[in-house]
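Undergrad: Chains as they are written, first to last, in this note's numbering: chain S, 1 to 206; chain X, 1001 to 1206.
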């Protein structure tokens, strides 16, 4: 198996951390995003969305989308369980993971594509909307406050135990802190308590 | 079980169609979105994201997010399988469903919240970004072309068989056609062939 990867990007890190939790090794192949390799005809056959990560199986089947890759891995390597073990847990972990993805990570993404680093990298390739970044920055800050409040009552993001929802939240917050100038405020104590706990797992180095 | 619902909204329809495929009945409870019931303290206890649908179990546990509700239902009622039966299918269905959600449905959502109907409904409650709608309209049109090309080679959206990815695509396209002025162009023959096929399922009436 090969994982098409890029160091520093949040979604491939999500998959690498998930694989590390499962103790599964794959060959990592760096895709030259700066050189536009993800938009080449050859790569579009692997993923028409022109995005990494992509997992290529030994028979050539390609699975794109971080969570789709993780679901495949979970089915092949069920333990430790990271998506939920009962029907209720499966629902609650999916809910927690989606809340983070759709209301935090996606807003961080809007701030990123409309921010200064992408302005330099993708100059002229698409038009940025500064007003959209103002709105998404505000939504990210507001989600941090919500997450902090939730983490005052529970140890982990979803279903009261470590799951893929914690991995998604960690890679989102670390990317926002390092690359988008959206580091959570220091006074969000419960969020930082959780961040320390999850960052201390060996998989967080993946 | 109760499903907090709203007629005409795309995501509750996704869950109703999934439940109909499984032949599972739930009590439907209409939430008064126009009156702001989804932002009431009582509703926020069920879903802090202030969104429908929410499935409330008999013990009071609440599962929000359409796909999380569907995963719970799939675990409780495995047949007919709608998320994939093997590891590879689980990965491919998740990929197909996510491509539709993240690259089509979410862009339809951006066009909707920045469009004329929401301008009237939510006047003054948040600021619209007309430029964002121009960008998302263009992305929706471009995704329709991609989907049409994919459906020239395959009968269904994901993993060569009916799955939740078809339900997501149907509710997205029907909402875009009826409420956002983003009906797919008539010349997209493969897309319309698929649309007719999936719309003819009894569950599409749910």
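Where is the CB? At the ideal position from N, CA and C, for every residue including glycine.
(1) Does chain X have any CB closer than 7 Å to the CB of residue 144(S)?
(2) From residue 57(S) to residue 45(S), what distance separates their C-alpha atoms?
(3) Using only the alpha-carbon positions, how far apart do residue 34(S) and residue 5(S) sit?
(4) Within a Cβ cutoff of 6 Å, which residues of the same chain sit near residue 67(S), ignoring the five residues on either side of it in sequence?
(5) Cβ atoms of residue 1175(X) and residue 1010(X): under 7 Å apart, would you say?
(6) Span of the alpha helix (DSSP H) holding residue 143(S)?
(7) Which residues, in chain order, does the stretch 1061-1092 of chain X contribute to contact with chain S at a C-beta distance below 7 Å?
(8) Apply the 10 Å Cβ neighbour rule to residue 1032(X) and answer buried if 16 or more other Cβ atoms are within range, or exposed otherwise.
(9) Helix, strand or coil for residue 1090(X)? Go by DSSP, reduced to three states.
(10) Closest by CA to residue 1139(X), which one among 1196(X), 1101(X), 1186(X)?
(11) Helix, strand or coil for residue 1046(X)? Go by DSSP, reduced to three states.
(12) According to DSSP, simplified to helix, strand and coil, what is residue 30(S)?
(13) Mind pulling the chain S residues with CB within less than 8 Å of residue 1204(X)?
(14) Between 1135(X), 1137(X), 1163(X), which has its C-alpha nearest residue 1092(X)'s C-alpha?
(15) Which residues in the same chain have their Cβ closer than 8 Å to the Cβ of residue 21(S), if we skip the five residues on either side of it in sequence?
(16) Counting C-beta neighbours from all protein chains within 10 Å, is the total for residue 1096(X) 16 or more, i.e. buried, or is it exposed?
(17) Residue 24(S): which of 147(S), 55(S), 133(S), 43(S) sits nearest, CA to CA?
(18) Which value, in whole angstroms, describes the spacing of the CA atoms of residue 62(S) and residue 70(S)?
(19) What residue range is occupied by the uninterrupted beta strand (DSSP E) comprising residue 1063(X)?
(20) Quick one: which chain X residues come within Cβ less than 7 Å of residue 98(S)?
(21) Spell out whether any CB of chain S is found under 7 Å from the CB atom of residue 1056(X).
TA: On the basis of the coordinates in this document:
(1) no
(2) 14 Å
(3) Each residue's Cα considered, the two are about 13 Å apart.
(4) none
(5) The answer is yes: Cβ separation under 7 Å.
(6) 130-153
(7) 1061, 1063, 1064, 1065, 1067, 1068, 1069, 1071, 1072, 1075, 1076, 1087, 1088, 1090, 1091, 1092
(8) When all chains shown are included, residue 1032(X) counts as exposed.
(9) In this structure, residue 1090(X) counts as helix in the three-state DSSP scheme.
(10) Checked all of 1196(X), 1101(X), 1186(X); the closest Cα to residue 1139(X) is 1101(X).
(11) helix
(12) Three-state DSSP puts residue 30(S) in a strand.
(13) Ordered by position in chain S, no residue passes the 8 Å Cβ test against residue 1204(X), which lies about 24 Å from the chain.
(14) 1163(X)
(15) 80, 82, 167, 201, 203
(16) buried
(17) 55(S)
(18) 13 Å
(19) 1062-1064
(20) 1065, 1067, 1068
(21) no
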